[in-house]
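*Asks:* For the sequence shown, the numbering used here begins at 35 and goes up steadily by one.
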Amino acid sequence: MNRGKLIGQVITAGRKRVSRVSDHFETIRERMVNEQLLVRGISDLKVLDAMQTVPRHLFVDDAMRNRAYGDHPLPIAAGQTISQPFIVAFMTQLLSLTGSEKVLEIGTGSGYQAAILSRIVEQVYTVERINGLLAGARKIFSELGYYNIQAKLDDGTMGWPENGPYDAIIVTAGGHKIPPPLIEQLADNGRLIMPVGDQHLQVLKLLIKTEGTVQITDLDPVRFVDLIGEHGWPN
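Written out as structure tokens, the structure reads:
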């Protein structure tokens, strides 16, 4: 067998292996949507489509890829976590996104929540305080071609005022209060979702801003990593 033909066969075999892996994760993602999201009240088609599309297994360590679509959070670097799929979908659905919005995320983490948002809205801005996490998330965004995400290293409790106001804000870490700068940067008729409580247990709070006034609704109990910063917990 000549060398060129052998190389061609190796490349073809490699592509088949990649295809089988891709099909495997697509099947698991579909099962996640059907068994974890639809049956628990996630009905927004845009959210469901994003959850079906974004390859969650790429946002966790290689050793945990086979657990990426389970109904539970997973540890990532720097003592942080990637939230369970249902919580990601639930918080996203609460923002009532139509597709044309500019959204601010506080706490980039693995980058998965920002990736989900990017498949729904026009522009996502995300702020992370841990450089290693931010670098990893940016790398995945680039590899996946998610070019409508801008990310920066900073104190997330201060928001990202240069690009505000935002149609929606999502905070993926728990604090003792909703940071005032985030409320200020929320557009009129905008929505903000955040876990608020102590460092052991929080309640998801949905804030809606209307003509300068805010209405806050308490939702489900949750547990998130700490929101660190000037308007959060001390480091």
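Don't be surprised by glycine CBs; every beta carbon is placed ideally from N, CA and C.
Note that the coordinates shown come from a computational prediction; the quantities given were computed from them, not determined experimentally.
#1: Are there 16 or more other CB atoms within 10 angstroms of the CB of residue 97, so buried, or fewer, so exposed?
#2: Pick out the complete beta strand (DSSP E) segments inside the region 75–151, 3 residues or longer, and give them in chain order.
#3: Along the chain, where does the alpha helix (DSSP H) that runs through residue 27 open and close?
#4: Do you know offhand how far residue 156's Cα is from residue 113's?
#5: Give me whichever residues DSSP pairs with residue 219 in a beta bridge.
#6: What number of angstroms, rounded off, separates the C-alpha of residue 204 from the C-alpha of residue 216?
#7: Distance, Cα to Cα, residue 117 vs residue 224?
#8: With residue 174 as the anchor, note down where its alpha helix (DSSP H) starts and where it stops.
#9: By how many angstroms is the C-alpha of residue 197 removed from the C-alpha of residue 176?
#10: Give me the Cα-Cα distance between residue 260 and residue 207, rounded to the nearest whole angstrom.
#11: Could you tell me which residues DSSP pairs with residue 225 in its beta bridges?
#12: Assuming residue 141 and residue 189 are in contact, meaning their beta carbons sit under 8 Å apart, how far apart are those beta carbons, in whole angstroms?
#13: So for residue 189, helix, strand or coil by DSSP?
#14: What would DSSP say about residue 233, mapped onto helix, strand or coil?
#15: Let me confirm a value: residue 55 is counted as buried when at least 16 other C-beta atoms fall within 10 Å, else exposed. Which label applies?
#16: Output the boundary residues of the beta strand (DSSP E) element that contains residue 67.
#17: Evaluate residue 181 with the Cβ neighbour count: other Cβ atoms within 10 Å of its Cβ, from every protein chain shown; 16 or more gives buried, anything less gives exposed.
#18: Just to check my reading of the structure: residue 202 and residue 135 have Cβ atoms closer than 8 Å, yes? What is that Cβ distance to the nearest angstrom?
#19: Taking residue 187 as the reference, which of 171, 199, 200, 178 has the closest Cα?
#20: On the premise that residue 235 lies in contact with residue 257, defined as a C-beta separation below 8 Å, what is that separation, rounded to the nearest angstrom?
#21: Going along the chain, which residues of its own chain have a beta-carbon closer than 7 Å to the beta-carbon of residue 168, five neighbours each way excluded?
#22: Determine the direct distance from the alpha carbon of residue 237 to that of residue 252, and round the result to whole angstroms.
#23: How many Å lie between residue 79 and residue 144 at the Cα?
*Replies:* The short version:
#1: An exposed status is given to residue 97, since fewer than 16 other beta-carbon atoms sit within 10 Å of its beta-carbon.
#2: Taken in chain order, the whole beta strand (DSSP E) runs of length 3 or more contained in the region 75–151 are 136–140.
#3: The structure shown has nothing for residue 27, since the chain only spans 35 to 269.
#4: Approximately 31 Å between the Cα atoms of the pair.
#5: DSSP lists no partner for residue 219.
#6: C-alpha of residue 204 to C-alpha of residue 216: approximately 10 Å in a straight line.
#7: Rounded to the nearest angstrom, the gap between the Cα atoms of residue 117 and residue 224 is 23 Å.
#8: Membership of residue 174 in the alpha helix (DSSP H) is indicated by the continuous run 165–178.
#9: Straight-line Cα distance between these residues: approximately 21 Å.
#10: About 5 Å.
#11: Per DSSP, 202, 242.
#12: About 11 Å separates the two Cβ atoms, so there is no contact after all.
#13: In this structure, residue 189 counts as coil in the three-state DSSP scheme.
#14: Note: residue 233 maps to coil in three-state DSSP.
#15: Because residue 55 sits at a pLDDT of 49, beneath the cut-off of 50, its placement in the model cannot be relied upon, and the point is left open.
#16: Taken as a continuous stretch (DSSP letters only), residue 67 belongs to no beta strand (DSSP E), as it is neither H nor E.
#17: Result: exposed.
#18: With a Cβ gap of about 6 Å, residue 202 and residue 135 count as contacting.
#19: Across the set 171, 199, 200, 178, the C-alpha of 171 shows the shortest separation from the C-alpha of residue 187.
#20: Rounded, the Cβ-Cβ distance is 6 Å, consistent with contact.
#21: So the list reads 142, 162, 185, 187, once near-sequence residues are dropped.
#22: Their Cα atoms are separated by approximately 7 Å.
#23: Roughly 24 Å between the two C-alpha positions.
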